[in-house]
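Asker: Residue numbers (this note's numbering), protein chains in the order written: chain A, 217 to 677; chain B, 152 to 461; chain C, 273 to 554. Built from N, CA and C at the ideal position, the CB exists for glycine as well. Note that this is a predicted model, so its numbers are computed, not measured.
What follows is the structure, encoded as structure tokens:
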């Protein structure tokens with residue numbers, strides 16, 4: 217290590233590492249969906265000729281598909297670190313604890329170089345670097361940033377990328393084909409979901425669309441609202457929740473709850489609806505494909521009867537948010553910003569491995585990093601039954617997935633509304649008959665407008 | 152050390168200094184006081200200052216006077232949190248006092264298997280709370296609750312929609328209170344045992360000689376003697392319950408919606424100040440708790456010690 | 273004969289009261305034991321009774337996962353280190369202060385004692401942000417030593433108050449006698465007072481240790497690397513892998529510290545009670 221400044225020595229070492237790397241990649245490629253990992257690093261490295269150094273620390277969630285963490289911790293991070301002379305340290309914590317940790321790091325002005333969360337956190341715009349450079353670099357390599365990622369991480373008002381998104385996760389409906397078949401129906405439209413509700417519950421298999429203060433409920437209910445033509449904000453970031461579509465959607469969902477669900481939907485945490493499905497009781501949930509991967513891994517008897525479809529069609533068509541999205545940011549206080557930037561850029565540029573390690577959970581935020589055409593090929597090789605069930609994910613990703621805050625951007629006000637779970641709250645008021653649909657909309661409108669006013673005053677929207 | 156001190160005049164001078172109660176007292180007390188002042192006083196002062204500003208994480212706030220306090224005072228979410236904190240504390244402590252009193256009296260006697268029973272009773276106190284809460288979460292699970300398994304097994308509830316212990320308002324309140332009581336009870340038993348041990352045997356005997364029996368003895372002798380014990384147990388129970396965040400945070404996150412019927416002052420402060428980053432209001436919410444607890448504590452301490460003297 | 277009958281009745285009553293309470297209080301631990309050694313598919317299977325093992329149980333699989341796939345042993349070690357250090361700091365600060373408040377400072381001491389106790393009431397939610405800044409200044413971020421620094425903030429006030437009460441129960445005559453014999457105040461303290469204070473010290477040790485083991489808020493926000501976590505936060509944050517908690521492993525993790533600690537508390541309970549009697553009731 218003492219001679220690391222000597223270029224010739226370095227090159228020699230690099231060659232050895234190359235060999236090691238290839239061997240390592242070969243070993244790691246066994247197992248995931250039966251396909252090989254591609255080459256770990258494409259093309260020449262960025263910042264050519266310049267050697268990064270030092271430590272790089274990042275904090276991320278404990279991935280819902282555990283094989284992704286194995287890949288990140290044991291393969292990607294160490295190899296990238298070796299190639300760049302950077303000591304990379306990855307910490308994982310429970311996803312629900314990320315916001316508190318982020319607050320603590322901002323308050324103390326110290327912590328990890330790179331922070332991760334499952335939804336955009338625009339409120340930290342002033343505490344993070346401009347991620348434009350990373351976006352530009354990736355765009356140079358793989359082509360334009362996806363619309364979802366752009367709208368989720370860019371503030372048009374201040375013209376700043378307040379985060380860098382590497383992935384988003386399509387949000388399908390996961391349903392038990394055997395049970396639905398038993399009553400001769402399928403969840404193609406919200407109308408048929410409502411019609412099926414009493415029959416499914418009578419058969420002992422209620423529906424499971426959460427109305428709790430947690431991420432999955434938030435996502436499912438906002439997707440539901442969009443299918444009814446109701447949006448929290450418009451393209452100009454004005455609050456538009458107060459309209460007749462919202463009222464209609466609220467009444468509709470309350471009806472679904474009363475006819476086809478049980479009280480548990482109000483008490484779930486993010487794993488609640490998964491458990492509900494895995495217990496064999498649930499007949500339908502709105503969740504990402506971790507909900508089918510776990511039953512496959514566990515060998516649950518109904519694993520082959522779990523079907524994946526796009527979100528049911530409503531009066532306004534099919535529209536959903538991503539289920540979650542990978543959002544990374546580099547704090548301003550980070551001591552190793554060059555390494556942080558390069559780490560994120562390289563991660564995205566080589567997304568094929570990440571996609572495979574996540575068992576198709578993570579879709580790249582830059583479509584060019586792994587084009588849909590290739591995704592379809594990889595997905596077709598998945599052996600789980602029904603054969604080719606994951607193929608629909610590309611359709612969902614291409615046609616029915618939007619960013620949080622659509623048709624606007626994911627701005628700080630939307631982020632606060634989101635993290636306070638005001639939408640599940642509004643739904644629960646109506647479902648539990650604590651408020652009329654009209655009153656619940658008015659109450660939500662009042663709260664949301666307050667939040668928007670606050671952030672508008674701060675000049676962030 | 153003492154030998155050296157005795158041999159040298161300089162050492163003796165030091166020793167002489169220590170002979171003065173005032174000097175020795177300050178020397179002995181000051182490390183603790185300085186430590187507390189620096190580690191609690193400093194941050195507390197900062198937190199109090201924050202409560203008068205509109206600081207958010209990352210942004211230095213401006214002085215806003217009492218605005219945060221006024222806003223929270225009128226905020227239904229805060230009012231509910233205060234009410235729940237009060238409710239949970241009072242009900243769980245009522246359960247704890249009765250339970251601990253009974254258990255402690257029974258444990259004063261000698262009987263076979265006492266050691267084992269005492270061990271079982273102490274378990275909730277020994278278990279790290281976050282871990283035992285995970286066990287409770289598992290027992291209250293929406294799909295795999297052992298309680299519901301039992302009820303379904305005996306056909307007491309509907310298989311498809313059994314009770315949801317953390318998902319409906321009333322049950323969630325009941326569950327949180329039960330867990331608080333479960334958690335505090337062992338410690339209250341210990342306090343009661345300590346208190347009962349401090350009652351001189353003669354008092355009891357004297358009452359018996361006076362011919363006080365049954366209910367009259369209970370009212371005039373036994374109960375008054377329990378009061379200071381109960382006060383100390385209550386003091387700890389109140390402090391533990393009212394300032395605790397883990398139970399609600401891990402079990403319900405303050406939910407279930409829409410009424411957020413298990414939100415407590417601590418969780419509301421944490422959500423506001425830490426998770427949403429509104430440092431000013433968050434500090435203000437926490438500060439509401441402080442004078443209330445201080446008054447309750449001082450009153451109880453005075454009461455407990457007065458009774459002792461009398 | 274009548275006395276014998278009364279004794280039997282009293283004992284019966286004791287069982288009747290303590291028995292049910294013991295069952296209720298220990299029930300979660302029974303569930304922990306069953307779940308800890310149960311095969312995963314079995315505890316997710318409603319046709320297998322949750323009160324006992326199924327065909328494929330008991331199994332060591334959950335325990336083995338805990339010890340081989342997570343840093344659980346490190347968390348136990350961290351908890352022990354922090355516990356011991358905090359207890360030591362607490363004793364060093366609280367023991368002299370408690371004594372002085374009880375014996376030397378008169379009425380002022382009483383008020384000061386209560387004042388110190390009141391700082392125990394300051395909720396962690398309030399101190400959390402300032403503490404984080406302090407820890408950063410001390411370069412202790414993401415290390416167990418940050419907890420060693422912060423935890424005495426609640427163990428010292430409580431322990432000082434308890435010891436203050438305890439020292440008041442030690443007869444003044446003992447000290448006076450020693451001083452008449454020519455011992456200095458310091459010597460009286462180390463030779464006479466501290467040795468008979470063992471129950472009080474033990475109470476403080478057990479109580480401080482249990483506060484450390486139980487603390488949650490600071491531990492989970494101050495520390496993120498797995499190898500620096502405490503047992504309660506490590507289990508809570510790292511054993512929820514994928515989208516499901518590893519229930520079996522969590523139960524093993526909960527049992528391992530709980531049972532020895534309960535045994536320890538139970539063994540020393542009489543001394544603890546003696547300490548507490550002095551501390552809180554005099």
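According to DSSP, simplified to helix, strand and coil, what is residue 380/A?
Answerer: Walking along the first chain from the start, residue 380/A turns up at place 164. In this structure, residue 380/A counts as strand in the three-state DSSP scheme.
Asker: For residue 490/A, decide whether its Cβ has a neighbour in chain C, counting only Cβ atoms nearer than 8 Å.
Answerer: In the first chain, counting from the first residue as 1, residue 490/A sits at position 274. Residue 490/A counts as touching chain C.
Asker: Rounding to the nearest angstrom, what Cα-Cα distance links residue 656/A and residue 550/A in this structure?
Answerer: Within the first chain, residue 656/A is the residue found at index 440, counting from 1. Within the first chain, residue 550/A is the residue found at index 334, counting from 1. Using only the alpha carbons, I get a separation of about 43 Å.
Asker: Between 315/C, 375/C, 503/C and 388/C, which lies nearest to residue 433/C when the distance is taken from Cα to Cα?
Answerer: Position 161 of the third chain, counting from 1, holds the residue named residue 433/C. Minimum Cα distance to residue 433/C is reached at 388/C.
Asker: Which partner residues of residue 438/B appear in the DSSP bridge assignment?
Answerer: Residue 438/B sits at position 287 when you count from the first residue of the second chain. DSSP lists no partner for residue 438/B.
Asker: Roughly how far, in whole angstroms, is the beta-carbon of residue 621/A from the beta-carbon of residue 332/A, given that I think they are within contact range, below 8 Å?
Answerer: Here residue 621/A is taken as the residue at index 405 of the first chain, counted from 1. Here residue 332/A is taken as the residue at index 116 of the first chain, counted from 1. Residue 621/A to residue 332/A, Cβ: 20 Å. No contact.
Asker: Let's test the definition: count the other Cβ atoms within 10 Å of the Cβ of residue 500/C and tell me whether it reaches 16, buried, or not, exposed.
Answerer: Start at 1 with the first residue of the third chain, and residue 500/C comes out as number 228. Per the 10 Å Cβ criterion, buried.
Asker: So, does the CB of residue 324/A fall closer than 8 Å to a CB anywhere in chain C?
Answerer: By 1-based counting over the first chain, the position of residue 324/A is 108. Chain C has a Cβ within less than 8 Å of the Cβ of residue 324/A.
Asker: Taking 6 Å as the limit between beta carbons, can you name the residues of its chain near residue 447/A, skipping five residues before and five after?
Answerer: In the first chain, counting from the first residue as 1, residue 447/A sits at position 231. So the qualifying residues of the chain are 456.
Asker: For a contact defined as C-beta to C-beta under 8 Å, what are the partners of residue 318/B on chain A?
Answerer: Stepping through the second chain from its first residue, residue 318/B is reached at position 167. Correct list: 428, 479, 480, 481, 482, 483 and 484.
Asker: Could you name the residues of chain B that residue 523/C contacts, counting a contact when the two beta carbons are closer than 7 Å?
Answerer: What you label residue 523/C is simply residue 251 of the third chain in a count that begins at 1. Within chain B, the residues placing a beta-carbon under 7 Å from that of residue 523/C are 286, ordered along the chain.
Asker: Please confirm whether residue 540/A and residue 431/A have their CB atoms less than 8 Å apart.
Answerer: Counting from one through the first chain, the residue named residue 540/A turns up at place 324. Counting from one through the first chain, the residue named residue 431/A turns up at place 215. Yes. Within cutoff.
Asker: Residue ranges of each alpha helix (DSSP H) run of no fewer than 4 residues wholly in the segment 313-369 of chain C, ordered along the chain?
Answerer: 333-341
Asker: For a contact meaning CB atoms closer than 8 Å, what does residue 367/B contact in chain C?
Answerer: In the second chain, the residue the question calls residue 367/B occupies position 216. None at all; the shortest Cβ gap to chain C is about 19 Å.
Asker: Here's a check: name, in chain order, each residue in its chain whose Cβ is nearer than 7 Å to the Cβ of residue 373/A, leaving out the five neighbours to either side.
Answerer: The residue labelled residue 373/A in the question sits at position 157 within the first chain. Answer for residue 373/A: 676 and 677, listed in chain order.
Asker: Assign residue 387/A to one of two classes, buried (16 or more other C-beta atoms within 10 Å of its C-beta) or exposed (fewer than that).
Answerer: Position 171 of the first chain, counted from the start, is the residue given in the question as residue 387/A. Buried: at least 16 other Cβ atoms inside 10 Å.
Asker: Is it a yes or a no for the segment 364-376 of chain C touching the segment 485-496 of chain C, going by three-plus beta-carbon pairs under 8 Å?
Answerer: no
Asker: Mind pulling the alpha helix (DSSP H) runs of 4 or more residues that sit fully within the segment 481-550 of chain A?
Answerer: 488-494 and 506-514
Asker: Go ahead and label residue 437/C buried or exposed: buried means 16 or more other beta carbons lie within 10 angstroms of its beta carbon, across all protein chains shown.
Answerer: Numbered from 1 along the third chain, position 165 holds the residue referred to as residue 437/C. Buried.
Asker: Going by other Cβ atoms of all chains shown within 10 Å of its Cβ, with 16 needed for buried, is residue 627/A buried or exposed?
Answerer: Here residue 627/A refers to the residue found at position 411 of the first chain. Label assigned to residue 627/A: buried.
Asker: Does any CB atom of chain B fall closer than 8 Å to the CB of residue 379/C?
Answerer: For the purposes of this step, residue 379/C is taken as residue 107 along the third chain, with counting starting at 1. No, residue 379/C lies away from the interface with chain B (no Cβ there is under 8 Å from its Cβ).
Asker: Starting from residue 391/A, trace the alpha helix (DSSP H) in both directions and tell me its first and last residue.
Answerer: On the first chain, residue 391/A is found 175 positions in, with the first residue counted as 1. Segment 389-392 is the beta strand (DSSP E) holding residue 391/A; no alpha helix (DSSP H) there.
Asker: Please list, in chain order, all residues of the same chain as residue 464/C whose beta carbon is under 8 Å from its beta carbon, the five residues on each side excluded.
Answerer: Reading the third chain from its first residue, position 192 is the one you call residue 464/C. Closer than 8 Å at the Cβ level, and outside the excluded window around residue 464/C, lie 446, 447, 450 and 455.
Asker: Just checking: is the beta-carbon of residue 291/C within a distance shorter than 8 Å of some beta-carbon in chain B?
Answerer: Here residue 291/C corresponds to residue number 19 of the third chain, with the count starting at 1. Yes, residue 291/C counts as interfacial toward chain B.
Asker: Using the rule of at least 16 other Cβ atoms within 10 Å of the residue's Cβ for burial, across every protein chain shown, is residue 225/B buried or exposed?
Answerer: Indexing the second chain from 1 puts residue 225/B at position 74. The residue is exposed, with fewer than 16 neighbouring Cβ atoms inside 10 Å.
Asker: On the criterion of 16 or more Cβ atoms from any shown chain inside 10 Å, does residue 443/C qualify as buried, or is it exposed?
Answerer: As a working note, residue 443/C is residue 171 in the third chain. Exposed is the call here.
Asker: Residues of the segment 422-443 of chain B in Cβ contact with chain A at a cutoff of 8 Å, in chain order, please.
Answerer: 425, 426, 427, 428 and 430
Asker: Looking only at DSSP bridge pairs, what is residue 202/B linked to?
Answerer: Numbered from its first residue, the second chain carries residue 202/B at position 51. Paired residues: none, contrary to the question.
Asker: Does the Cβ of residue 457/C have 16 or more other Cβ atoms within 10 Å, making it buried, or fewer, making it exposed?
Answerer: Position 185 of the third chain, counting from 1, holds the residue named residue 457/C. The residue in question, residue 457/C, is buried, as its Cβ has 16 or more Cβ neighbours within 10 Å.
Asker: I'd like the list of long-range same chain contacts for residue 633/A, defined as Cβ closer than 6 Å, with 5 residues on each side in sequence excluded.
Answerer: Here residue 633/A refers to the residue found at position 417 when the first chain is read from its first residue. Closer than 6 Å at the Cβ level, and outside the excluded window around residue 633/A, lie 664 and 667.
Asker: Specify the secondary structure class of residue 413/C as computed by DSSP and reduced to three states.
Answerer: For the purposes of this step, residue 413/C is identified with residue 141 of the third chain, where counting begins at 1. In this structure, residue 413/C counts as coil in the three-state DSSP scheme.
Asker: What are the residues of the segment 507-521 of chain C that lie near chain A, defined by any Cβ-Cβ distance shorter than 8 Å?
Answerer: 508, 509, 510, 512, 513, 514, 515, 516 and 517
Asker: Helix, strand or coil for residue 342/B? Go by DSSP, reduced to three states.
Answerer: Your numbering for residue 342/B matches position 191 in the second chain. DSSP places residue 342/B in helix when its eight states are reduced to three.
Asker: Quick one, which of 399/B, 193/B, 178/B and 288/B has its alpha-carbon nearest residue 324/B's?
Answerer: Counted from its first residue, the second chain places residue 324/B at position 173. Ranked by Cα distance from residue 324/B, the first of 399/B, 193/B, 178/B and 288/B is 399/B.
Asker: Should residue 307/A be labelled buried (16 or more other beta-carbon atoms within 10 Å of its own) or exposed?
Answerer: Numbered from its first residue, the first chain carries residue 307/A at position 91. With 16 or more other Cβ atoms within 10 Å, it is buried.
Asker: Helix, strand or coil for residue 370/A per DSSP?
Answerer: Residue mapping note: residue 370/A aligns to position 154 of the first chain, counting from 1. Correct three-state label for residue 370/A: strand.
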